[in-house]
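*Asks:* Numbering (my numbering), first residue to last: 1 to 576.
No residue lacks a Cβ here, since even glycine has one placed at the ideal position from N, Cα and C.
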Amino acid sequence: MIDPDVSKSWLRRALPVVLAHRWLLLTSLALSLIGLLVQVQIPDLVRIGIDDALVARTASLAKYAWLVAGFALAQGVINYLARRYLLKTAYEVEYDLRNIMYSHLVRMPFGFYDRVQTGELMSRSSSDIRAVQMYLTFGPSIIVQCTIAGFAFALMLSINVPLALVAMAAMPAVGILGWYARKAIFPVSWLIQSRLARVATVVDESVNGVRIVKAFAAEQRQLETLAHEADRVRWAYSREAWVRSWWSPTLENLPRLGLALVLLLGGLMAIDGRASIGTIVAFNSYVLMLQPPFRLLGMLIMLGQRAKASAQRIYEVLDTKSDIVDGAMTKKLNGDIEFDDVEFVYPLGTAALKGASFTVPRGQTVALVGRTASGKSTIARLLPRFYDVTGGAIRVDGHDVRSYRLAGLREQIGVVPDEPFLFSISIRDNIAYGRPSAELEDIRRAAEAAGAHEFIEGLPDGYDTVVGERGYTLSGGQRQRLAIARALLVNPPILILDDATSAVDVAVEQRIHDALKTLLSGRTTLIVAHRLSTIALAERVLLVEDGRIVADGTHEDLLTTEPRYAAVLAEMEPAS
Ligand SMILES: Nc1ncnc2c1ncn2[C@@H]1O[C@H](COP(=O)(O)OP(=O)(O)OP(=O)(O)O)[C@@H](O)[C@H]1O
Ligand SMILES: [Mg+2]
1 MIDPDVSKSW
11 LRRALPVVLA
21 HRWLLLTSLA
31 LSLIGLLVQV
41 QIPDLVRIGI
51 DDALVARTAS
61 LAKYAWLVAG
71 FALAQGVINY
81 LARRYLLKTA
91 YEVEYDLRNI
101 MYSHLVRMPF
111 GFYDRVQTGE
121 LMSRSSSDIR
131 AVQMYLTFGP
141 SIIVQCTIAG
151 FAFALMLSIN
161 VPLALVAMAA
171 MPAVGILGWY
181 ARKAIFPVSW
191 LIQSRLARVA
201 TVVDESVNGV
211 RIVKAFAAEQ
221 RQLETLAHEA
231 DRVRWAYSRE
241 AWVRSWWSPT
251 LENLPRLGLA
261 LVLLLGGLMA
271 IDGRASIGTI
281 VAFNSYVLML
291 QPPFRLLGML
301 IMLGQRAKAS
311 AQRIYEVLDT
321 KSDIVDGAMT
331 KKLNGDIEFD
341 DVEFVYPLGT
351 AALKGASFTV
361 PRGQTVALVG
371 RTASGKSTIA
381 RLLPRFYDVT
391 GGAIRVDGHD
401 VRSYRLAGLR
411 EQIGVVPDEP
421 FLFSISIRDN
431 IAYGRPSAEL
441 EDIRRAAEAA
451 GAHEFIEGLP
461 DGYDTVVGER
471 GYTLSGGQRQ
481 RLAIARALLV
491 NPPILILDDA
501 TSAVDVAVEQ
511 RIHDALKTLL
521 SGRTTLIVAH
531 RLSTIALAER
541 VLLVEDGRIV
551 ADGTHEDLLT
561 TEPRYAAVLA
571 EMEPAS
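1) Between G476 and ligand 1, is there a pair consisting of the residue's CB and a ligand heavy atom that are separated by less than 6 Å?
2) Return the residue from the list T147, L97, A154 and I484 that minimises the CA-CA distance to I129.
3) Could you check the C-alpha separation between L15 and D3 for me, to the nearest Å?
4) Can you tell me which residues fall inside 5 Å of ligand 1, judged by beta-carbon distance to its nearest heavy atom, and keep chain order?
5) Reducing DSSP to helix, strand and coil, say where M329 ends up.
6) What's the C-alpha gap between L19 and K88?
7) With a 10 Å radius around its C-beta and 16 neighbouring C-beta atoms as the bar for buried, classify H21 as buried or exposed.
8) For I50, write down the residues that DSSP places opposite it in a beta bridge.
9) How would you label M329, buried or exposed, when you count the other beta carbons within 10 angstroms and need 16 or more for buried?
10) Return the CA-CA distance between S310 and M101, expressed in angstroms with no decimal places.
11) Is any heavy atom of ligand 4 found at a distance shorter than 6 Å from the C-beta of L353?
12) Based on the DSSP secondary-structure assignment, which residues constitute the bridge partners of I549?
13) Is it buried or exposed for L297, if we count other Cβ within 10 angstroms and need 16 for buried?
14) Could you name the residues of the same chain whose beta carbon sits closer than 8 Å to that of S576, not counting the 5 residues immediately before and after it, in chain order?
15) Measure the alpha-carbon distance for S60 versus L67 and round it to whole angstroms.
16) In chain order, what residues of the same chain have a beta carbon less than 7 Å from the beta carbon of Q412, not counting five sequence neighbours either side?
17) Note the first and the last residue of the continuous beta strand (DSSP E) segment covering S357.
18) Considering Cα atoms alone, identify which of V17, S189, R211 and A407 is closest to V325.
19) Compute the Euclidean distance between the alpha carbons of T372 and A90, then round it to the nearest angstrom.
20) Taking the Cβ atom as the reference point for each residue, do I581 and I425 lie within a distance shorter than 7 Å?
21) Does DSSP put A432 in a helix, in a strand, or in coil?
22) Please classify R47 as buried or exposed, where buried requires at least 16 neighbouring CB atoms within 10 angstroms.
23) What distance in whole Å lies between the Cβ atoms of R195 and V366, which are believed to be in contact at a cut-off of 8 Å?
24) Between the stretch 171 to 184 and the stretch 246 to 263, do at least 3 Cβ pairs fall closer than 8 Å?
25) Roughly how many angstroms lie between the CA atoms of Q305 and K214, to the nearest whole one?
26) Taking 6 Å as the limit between beta carbons, can you name the residues of its chain near R198, skipping five residues before and five after?
27) Residues in the same chain with beta-carbon distance under 6 Å from A236, minus the five sequence neighbours each way, listed in chain order, please.
Pasting the structure below:
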């Protein structure tokens, strides 16, 4: 709903979001226009009242008093309604912007999240969206309010032409100064937004990493970092206040110059009998009426600057297209895997795979063994296309993984990562994340196979226990078992266990393995293994070293023929 054409101005790109709610917005604007039309009549009524009822005594004063009161009441009610509709529009626009941002973010590939900081994203999806929303909805309303100046001017012209011209004399100057103010304020608003994002990042890291912070007694240091960043924000804000303090009073007070001129010239004209007392009083009200719109105009300029800076930061995210292009083929996978001279360099520049080649026939269970940072997890991440290869090709059932529809491919490749993430929902829903419609019976079976059923039963609410943020109330090994259950429930033809049992003790691992053995049969399985007991699950071992497969064979074969394998095993933790 944001126009993807980057050559357009930020406002035109955001326009579709507002247009989606045009009726709501137009209702509000129409109401506030009517309110203004009513409002500008009031000084004129006062003028006629004074001139006819007080000075000439040809009409009843009470009649004008009632009229003024009635108009004021009507204006109040109409303005109230206009405001309600405006706020409703604002919430709708904000909701849409958030959705646009969120649905874009969930589509971004892993590589994107390697680059950006979460605090940055938080601020982009909260305060930046708010700033854009404010301008998009309040902007038109302010412009409508400013038309009161037009009405007032028209009425003034109809009453007394020279006096009207004098009252409006200061306005062009306001326009020109406003333009200069815009140029001065924009860079500071931009600075504020980006520094706020930096603060959000520090807060985010302090909260998420609070256990590490405390473990190293680094609260003070963390606070100092925060204070430092907050100080930079304060500097930017005070800088903005300083720039604004130059411009705002000037912009606001110029219309008052008109007031003085009206009094002077109007007074002289009244003495000459060319203007009535009522006219001077009415003009006085009109010039006062001109002030709020001009103050709002100043606000509009400020809002506009903030919104422009914020919009650019939002577009920066929205314009980052996912470099993972979806394929077209949908097919039930058999599970034949082929890595063909695969090279991969992470977006940040680490060359993780340097020509890895191997094949795994359907149904086979293969262990990936290698030293840390050799590229095992990278192999696991490339198969479901979390990243795309930078050289060579990965094929499943003889077709490049890039030719498959992404959703279909990933549904059929179950991945249990080394650091599983749990949502703050019930255990049952966590396990059923990939198959929300699953029956409790199936969920239980998956949990049993993953060695999780027992401890889940022991929890206060069993399967309905809600796990805390990131599942912190569970131990690392318990979380790993839930993640295995989650992958098994989907029953994918290809399963990747990336060191998925590293945090469970050997006895539990053995039980999981016993259950897995039946589940793994018929399924192509890659197991990243750090223990002999895990390797024992596999029919075949691939030795990974420095981004390449340097040996391939059964555990027993490699042990006797491959000294590098023996060396890697010797460094591993001893098996039970
Ligand atoms: N998201 C990432 N961005 C940039 N570089 C990365 C990223 N993930 C891993 N790397 C780098 O790629 C290389 C291979 O990492 P990988 O995670 O595949 O190793 P591994 O064999 O799984 O190691 P371990 O046994 O410790 O889990 C390492 O040099 C690592 O620093
Ligand atoms: Mg790893």
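*Replies:* The structure says:
1) Stepping through the sequence shown from its first residue, residue 476 is reached at position 476. Annotation for G476 indicates a beta carbon at 6 Å or more from all heavy atoms of ligand 1.
2) For the purposes of this step, residue 129 is identified with residue 129 of the sequence shown, where counting begins at 1. Its Cα nearest to that of I129, the residue L97 stands out among T147, L97, A154 and I484.
3) Within the sequence shown, numbered from 1, the residue matching residue 15 stands at position 15. Within the sequence shown, numbered from 1, the residue matching residue 3 stands at position 3. So the two alpha carbons sit approximately 8 Å from each other.
4) Any residue whose Cβ sits closer than 5 Å to a heavy atom of ligand 1 makes the list: D114, Y346, L348, T350, A352, T372, A373, S374, G375, K376, S377 and T378.
5) Counting from 1 along the sequence shown, the entry for residue 329 is found at position 329. Of the three classes helix, strand and coil, the one that applies to M329 here is strand, per DSSP.
6) The residue given as residue 19 occupies position 19 in the sequence shown. The residue given as residue 88 occupies position 88 in the sequence shown. Answer to the nearest angstrom: the Cα atoms are 14 Å apart.
7) Along the sequence shown, read from residue 1 onward, the residue named residue 21 stands at position 21. By the 10 Å Cβ count, H21 comes out buried.
8) By 1-based counting over the sequence shown, the position of residue 50 is 50. In DSSP, I50 forms no bridge with anything.
9) Position 329 of the sequence shown, counted from the first residue, corresponds to residue 329. M329 comes out exposed.
10) As a working note, residue 310 is residue 310 in the sequence shown. As a working note, residue 101 is residue 101 in the sequence shown. So the alpha carbons of these two residues sit roughly 13 Å apart.
11) With respect to small molecules bound, the structure shown includes ligand 1 and ligand 2 and not ligand 4.
12) Looking up residue 549 in the sequence shown gives position 549. V544, per the DSSP bridge assignment.
13) Along the sequence shown, read from residue 1 onward, the residue named residue 297 stands at position 297. When all chains shown are included, L297 counts as buried.
14) In the sequence shown, the residue the question calls residue 576 occupies position 576. Caution is warranted here: a pLDDT of 43 is assigned to S576, below 50, making its placement in the model unreliable, and the coordinate value is therefore given only provisionally. Taken in chain order, the residues that qualify are V506, A507, Q510 and S533.
15) In the sequence shown, residue 60 corresponds to position 60, counting from 1. In the sequence shown, residue 67 corresponds to position 67, counting from 1. Between the alpha carbons of S60 and L67 lies a distance of about 11 Å.
16) Numbered from 1 along the sequence shown, position 412 holds the residue referred to as residue 412. The beta carbon of Q412 sits closer than 7 Å to those of L333, P492, P493 and I494, all from its chain and outside the five residues before and after it, given in chain order.
17) The residue given as residue 357 occupies position 357 in the sequence shown. Where S357 is concerned, the enclosing beta strand (DSSP E) starts and stops at A351 to V360.
18) The residue you call residue 325 lines up with position 325 of the sequence shown. Among V17, S189, R211 and A407, the Cα nearest to that of V325 is on A407.
19) Taking the first residue of the sequence shown as position 1, residue 372 is located at position 372. Taking the first residue of the sequence shown as position 1, residue 90 is located at position 90. Counting only the Cα atoms, A90 lies some 52 Å from T372.
20) In the structure as shown, the chain begins at 1 and stops at 576. Residue 581 is therefore absent and cannot be evaluated.
21) As a first step, residue 432 must be located in the sequence shown, where it is residue number 432. Helix at A432.
22) What you label residue 47 is simply residue 47 of the sequence shown in a count that begins at 1. In this structure R47 is buried. Its beta-carbon is surrounded by 16 or more other beta-carbon atoms within 10 angstroms.
23) Translated into positions along the sequence shown, residue 366 becomes position 366. Translated into positions along the sequence shown, residue 195 becomes position 195. So it is not a contact: roughly 50 Å between Cβ atoms.
24) Because the criterion of three Cβ pairs below 8 Å is met, the stretch 171 to 184 and the stretch 246 to 263 touch.
25) For this step, residue 305 is matched to residue 305 along the sequence shown. For this step, residue 214 is matched to residue 214 along the sequence shown. Taking the straight line from one Cα to the other gives about 41 Å.
26) Stepping through the sequence shown from its first residue, residue 198 is reached at position 198. Taken in chain order, the residues that qualify are E229.
27) Residue numbering aside, residue 236 sits at position 236 when the sequence shown is read from its first letter. Excluding positions up to five away in sequence, the list reads L191, I192 and R195.
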